[in-house]
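Here's the structure, in structure tokens; my notes come after.
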Amino acid sequence: MAISDVKEYTHLTEEEVEQIGRELDAIRAEIEDSRGAKDAAYINRLIKIQRGLAAAGRVTLLASSATGKAKKPAWVAGAALLGVAKILENMEIGHNVMHGQWDWMNDPEIHSSNWEWDTAQPAEQWKHSHNYIHHQFTNVLGYDNDIGYGILRMAREQKWHPVYLGQPIYNALLASLFQWGVALHDLDLERIRKGQKDPKEMKRQLRQIARKGRNQILKDYVVYPALSGKGWKSTLTANMTANLARNLWAYVIIFCGHFPDGALHFTEEEIEDETRSEWYLRQILGAANFNGGPLLHIMSGNLGFQIEHHLFPDLPSNRYADIAVRVRALCEKYDIPYTTGPLYQQYGQALRTIIKLSLPNSMTSSDQPPPMTEPPTPAHDRKRRSDDERPPRRRELGGWMRSAS
Amino acid sequence: MAGATTIPWSRLRGAGDKLTTPLHPDDYLRLLNPLWSERELRGRVEEVIPETDDAATLVIRPGWGWRYDHRPGQYVGIGVQVDGKFQWRSYSVSSPPRRKGRTISITVRAMPEGKLSAHLVNGLAPGTIVRLALPDGDFVLPDPPPAKMLFLVGGSGVTPVMAMLRTMDRRAQKNGRALPDVVMHYSSPTPERMIFRDELDDLEARHESLTVHRLHTDLDGMLDLADAERGLDGICPDWRERETWACGPGPMLDAITEHYRAAGLEDRLHLERFSLELGGEGGEGGTITFRNSGKTIEADGATTVLEAGEEAGVGMPYGCRMGICHTCTLTLVSGTVRDLRSGAEFGQPNERVQTCVTAAVGDCTLDI
């Protein structure tokens, strides 16, 4: 079942919904006002640690292959350092910087307008597909391209087709090649296949992807192995392992954001005349958190606070833990479902959905919470909307600028 | 950088790019030494020399990418992090240019409401890393300087002129020739608040061709340009024959401009206004709406969005006013603006634009 009206679903009056909006706005204003030197020190320290880890990983691998000493331990250490560095860069640094969480520092070196991250997708395309399409239209069927990424069937409303029988395999491929899946995400392969994509825009995007992908491949699979001389093979496999580890980790964390059972879907009726407060409410209902210690949260880019991230995509991630306490209290006060659980449970639910939805609806049952005050939603086509068919972007999602080339 | 002529460091680092992509090698190198980066120019504060109670000279050692060949009279941008946020201002360089320099000096006066200038004067410990923007400005000493010159300065407006005087002094010492014929008028509220007082005394004693006229405005009132005795005719009877450089508070510059215009001598007058150089074409202009403050204004294609907003009475954020610091960046809700430097247009909904260098192309709405 997908929700066509968040107010009705949560049994709240219009006044209550507006009040929730005001309280969330107040939290935002308070955090914005209190951003300061401590927050700036946090992101600068993290960037320093991350670059230190990356350099240490590269040097370990080069040194071991140059000297031929301690090959195995160096391989393990190098791959691990590099893997952790890539995870930190993508999750806690890159993703959050590109949302504009640190733009307030007025530092062009840590700014959403020019940050480029250590993965195949060009930052600009990410900022469009993620900041705008995903964050604004979170879990709205036919609007949020992140519901299954155009590859998986992740909602019962999406029409079944025999091709989805292979879903568990596509899922495994997506997980291990995650950065390349993400790289192609904004291209909109479906639109290209149907010949609806502007050829000029397509060429521009493909050029960007080719340039970025080439540099990434050159670095990890040509230049560093070449510098390793005889030990090139070990450097190459270590780099590949680091990339794979990052892919799997990022995939797991991201699948925990909107695919656990508690994260609900919405129909396009919901976003017609949606107020800011209703948008807030949809973010809470459409996202799922997971529990963990500070280290787990940093390694996952604080996306364990997915709900808070969706409410305030451009507030600094180091504040989400504090914000979560207040958002949770607010949800309890108004009896709004707040989805959270341990990481293994959240991912387990996502995996169960992937496997179940590979089959037609008639053969499986839904695991989503059943308040069922609304009639079931009719099956939904999977057509992607172009930007012209969507409402304009909201500014708190993070900036986006299109470059000339 | 001193070695730049012998070893192609920047080309070497450019090649290192393949190792660090998508970052630049400098992004790693600056973690070893904060000055080892050209991405954003940086400098280390080496010394803070108090000049008066409320003014100090900062001696800064710039990092990689700096060019010491500024022209005497030019200003630099300086950015410091206050409460986690970079704030930018422009200050004239007071040190003379040196081809193989190691440091530059800027002299800053703490303004009563200038949070940043107070921070620069009192809050910067030696060792602090600041951001820098390359020298700019056309308020400069020509090379060679004209034979007869007049400087009209007020308060901290003395700093660019000081760079010119120091340059001429250094050249005079080098080649043993006399300084050009220079008359300088220097207005300051009190003798104590006069920056470079001792140095000017010393310069005046050493150079016969330099005359410094000091006016302490708290005691003797403001400079009255038209007055026969106390005005320009009294201070410098041949002022009409001199190239004039004026730098000081706005009202003083306005009065000087008016006085020179009345005499038909505008060509002789050089003013320091921290203006930006606009090379691109203007927009076509339009109605600019400031959404949150509910104000609107008609602006032509040569007026920046920032100026239009200030005109409309909107509390516009700003910093350098020349497109380097991004303090003025606002969200463009709808419409299109054009970058007056490059001619590039920005018109995506909710795009972030620098208001100090962009002008409206048709109607547009900003989120402030």
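Chains A and W, in that order, are what the protein sequence lines are. At position 214 of the first sequence the residue is numbered 246 (this note's numbering), and the sequence of numbers has no breaks. At position 74 of the second sequence the residue is numbered 1187 (this note's numbering), and the sequence of numbers has no breaks. Using N, Cα and C, we set each Cβ at its ideal position, and we do this for glycine too.
Worksheet item: How many angstroms separate the CA atom of W:M1114 from the CA atom of W:R1124?
Response: If you number the second sequence from 1, residue 1114 of chain W lands on position 1. If you number the second sequence from 1, residue 1124 of chain W lands on position 11. At W:M1114, the pLDDT of 41 sits below 50, so the modelled position is not reliable; the number obtained from the coordinates is stated separately. Cα-Cα distance, rounded: 14 Å.
Fill in: Beta-carbon spacing of A:K444, A:A152 below 8 Å
Nothing can be reported for residue 444 of chain A: it is not among the residues displayed for chain A, which extend from 33 to 437.
Worksheet item: If you measure from the beta carbon of W:G1393 to each beta carbon in chain A, is any gap under 8 Å?
Response: What you label residue 1393 of chain W is simply residue 280 of the second sequence in a count that begins at 1. With a pLDDT of only 47 at W:G1393, under 50, the local geometry of the prediction cannot be trusted, and no value is derived from it.
Fill in: Reduced DSSP secondary structure (H/G/I, E/B, other) of A:M404
Against the first sequence, residue 404 of chain A aligns to sequence position 372. Reliability fails at A:M404, whose pLDDT of 46 lies under 50, so the model's placement of it is uncertain and no value is given.
Item to complete: Quick one: measure Cβ to Cβ for A:R278 and A:I75, integer angstroms, because I've assumed they're closer than 8 Å.
Response: Within the first sequence, numbered from 1, the residue matching residue 278 of chain A stands at position 246. Within the first sequence, numbered from 1, the residue matching residue 75 of chain A stands at position 43. No, A:R278 and A:I75 are not in contact; Cβ-Cβ is about 20 Å, not under 8 Å.
Practice prompt. Assign A:F337 to one of three DSSP states: helix, strand, or coil.
Written response: Locating residue 337 of chain A in the first sequence gives position 305, counting from the first residue. Correct three-state label for A:F337: helix.
Worksheet item: To the nearest angstrom, how far is it from the Cα of A:M404 to the Cα of A:S36?
Response: Here residue 404 of chain A refers to the residue found at position 372 of the first sequence. Here residue 36 of chain A refers to the residue found at position 4 of the first sequence. Its pLDDT being 46, under 50, A:M404 is placed unreliably in this model, and the coordinates cannot settle the point.
Discussion item. Please confirm whether A:G263 has its beta-carbon closer than 8 Å to some beta-carbon of chain W.
Written reply: Locating residue 263 of chain A in the first sequence gives position 231, where the first residue counts as 1. Chain W, which has no Cβ nearer than 8 Å to the Cβ of A:G263, makes this no.
Practice prompt. Taking only the alpha-carbon atoms, compute the straight-line gap between W:Q1194 and A:E233 and give it to the nearest angstrom.
Written response: In the second sequence, counting from the first residue as 1, residue 1194 of chain W sits at position 81. In the first sequence, counting from the first residue as 1, residue 233 of chain A sits at position 201. Cα to Cα, the separation comes out at about 39 Å.
Discussion item. If I measure Cβ to Cβ from W:L1345 and keep anything under 6 Å in the same chain, skipping five residues before and after, which residues do I get?
Written reply: Taking the first residue of the second sequence as 1, we reach residue 1345 of chain W at position 232. Excluding sequence neighbours, W:L1345 sits near L1338 and W1352.
Worksheet item: So what does DSSP say about W:R1283, is it helix, strand or coil?
Response: For the purposes of this step, residue 1283 of chain W is taken as the residue at position 170 of the second sequence. Looking at W:R1283 - three-state DSSP - the assignment turns out to be helix.
Item to complete: Classify W:T1303 as buried or exposed, calling it buried when 16 or more other Cβ atoms lie within 10 Å of its own Cβ.
Response: What you label residue 1303 of chain W is simply residue 190 of the second sequence in a count that begins at 1. W:T1303 should be labelled exposed.
Worksheet item: Would you call the region 1177-1188 of chain W and the region 1244-1260 of chain W in contact, with 3 or more CB pairs under 8 Å?
Response: yes
Worksheet item: At what residues does the alpha helix (DSSP H) containing A:H25 begin and finish?
Response: Chain A is shown only over 33 to 437; residue 25 of chain A falls outside these bounds and no answer can be derived.
Worksheet item: Which residue's Cα is closest to the Cα of W:E1164: W:G1268, W:T1444 and W:Q1467?
Response: Numbered from its first residue, the second sequence carries residue 1164 of chain W at position 51. Minimum Cα distance to W:E1164 is reached at W:G1268.
Worksheet item: Between the beta-carbon of W:V1474 and the beta-carbon of W:R1454, is there less than 8 Å?
Response: As a first step, residue 1474 of chain W is located in the second sequence; it is residue number 361 there, counting from the start. As a first step, residue 1454 of chain W is located in the second sequence; it is residue number 341 there, counting from the start. No, these two residues do not count as a Cβ contact at 8 Å.
Worksheet item: Would you say W:F1403 and W:A1375 are within 8 Å of each other, going by their C-beta atoms?
Response: If you number the second sequence from 1, residue 1403 of chain W lands on position 290. If you number the second sequence from 1, residue 1375 of chain W lands on position 262. No; because the gap between Cβ atoms is not below 8 Å, this pair is not in contact.
Practice prompt. Kindly give me the distance between the Cβ atoms of W:S1218 and W:L1171, rounded to whole angstroms, as I take these residues to be in contact under 8 Å.
Written response: In the second sequence, counting from the first residue as 1, residue 1218 of chain W sits at position 105. In the second sequence, counting from the first residue as 1, residue 1171 of chain W sits at position 58. At roughly 7 Å, the Cβ-Cβ gap stays under 8 Å, so W:S1218 and W:L1171 are in contact.
Worksheet item: Straight-line CA distance for W:D1139 to A:K80?
Response: The sequence position of residue 1139 of chain W within the second sequence is 26, counting from 1. The sequence position of residue 80 of chain A within the first sequence is 48, counting from 1. Taking the straight line joining both Cα atoms gives about 13 Å.
Fill in: Cutoff 8 Å: A:S145 Cβ touching any chain W Cβ
The residue given as residue 145 of chain A occupies position 113 in the first sequence. Yes, because at least one Cβ of chain W sits closer than 8 Å to the Cβ of A:S145.
Fill in: Partner residues on chain W for A:K80, Cβ-Cβ distance less than 7 Å
Translated into positions along the first sequence, residue 80 of chain A becomes position 48. Going along chain W in sequence order, the residues near A:K80 (Cβ under 7 Å) are L1144.
Worksheet item: Should W:I1162 go down as buried or exposed, given a rule of 16 or more other Cβ atoms within 10 Å for buried?
Response: Walking along the second sequence from the start, residue 1162 of chain W turns up at place 49. Classification of W:I1162: exposed, given that the 10 Å Cβ count is below 16.
Worksheet item: Which class does A:K226 belong to by DSSP, given the choice of helix, strand or coil?
Response: Reading the first sequence from its first residue, position 194 is the one you call residue 226 of chain A. Coil, per DSSP.
Discussion item. For A:I125, which residues in the same chain have their Cβ closer than 7 Å to its Cβ, ignoring the five residues on either side in sequence?
Written reply: Looking up residue 125 of chain A in the first sequence gives position 93. So the qualifying residues of the chain are L78, I79 and Q82.
Worksheet entry | Alpha-carbon spacing of A:L216 relative to A:T299, whole angstroms | To locate residue 216 of chain A, count along the first sequence from 1; it is residue 184. To locate residue 299 of chain A, count along the first sequence from 1; it is residue 267. Straight-line Cα distance between these residues: approximately 26 Å.
Practice prompt. Just grab the DSSP bridge partners of W:L1445 for me.
Written response: The residue labelled residue 1445 of chain W in the question sits at position 332 within the second sequence. W:E1464 and W:L1479.
Worksheet entry | Candidates A:A295, A:M33 and A:H162, of which the one nearest A:L219 by Cα | Walking along the first sequence from the start, residue 219 of chain A turns up at place 187. Selected option, being the one with the closest Cα: A:H162.
Worksheet entry | Alpha-carbon to alpha-carbon, W:R1222 and A:A155 | Here residue 155 of chain A refers to the residue found at position 123 when the first sequence is read from its first residue. Here residue 1222 of chain W refers to the residue found at position 109 when the second sequence is read from its first residue. A:A155 and W:R1222: Cα-Cα distance of roughly 42 Å.
Worksheet item: Using CA coordinates, which residue listed in A:I285, A:D367, A:W281 and A:Q228 is at the minimum distance from A:S418?
Response: Along the first sequence, one-based indexing puts residue 418 of chain A at 386. With distances taken between Cα atoms, A:S418 lies closest to A:Q228.
Worksheet entry | Contacting positions in the region 1118-1136 of chain W - beta carbon closer than 9 Å to chain A | D1130, K1131, L1132, T1133, T1134, P1135 and L1136
Item to complete: Tell me, please, whether the region 103-119 of chain A touches the region 267-277 of chain A by the rule of three or more beta-carbon pairs shorter than 8 Å.
Response: yes
Worksheet item: By Cβ distance, which residues of its chain are closer than 8 Å to A:L94, with the 5 residues on each side in sequence left out?
Response: Sequence index remark: in the first sequence, residue 94 of chain A carries index 62 (1-based). Same-chain partners within the cutoff: Y256, L259, S260 and T267.
Discussion item. Measuring only the C-alpha atoms, how far is W:S1388 from W:C1433?
Written reply: By one-based count along the second sequence, residue 1388 of chain W stands at place 275. By one-based count along the second sequence, residue 1433 of chain W stands at place 320. Reliability fails at W:S1388, whose pLDDT of 41 lies under 50, so the model's placement of it is uncertain and the value that follows must be treated cautiously. Roughly 10 Å separates the two Cα atoms.
Fill in: Contact set between A:K251 and chain W, taken where Cβ atoms lie within less than 7 Å
For the purposes of this step, residue 251 of chain A is taken as the residue at position 219 of the first sequence. Correct list: K1131, L1132 and T1134.
Worksheet entry | A:T42 - containing alpha helix (DSSP H), residue span | Counted from its first residue, the first sequence places residue 42 of chain A at position 10. Run containing A:T42: V38 to T42, per the alpha helix (DSSP H) assignment.
Practice prompt. Please find out if some non-hydrogen atom of the ligand HEM comes closer than 7 Å to the beta-carbon of A:A61.
Written response: Within the structure as shown, the ligand HEM is missing, as the structure has no ligands at all.
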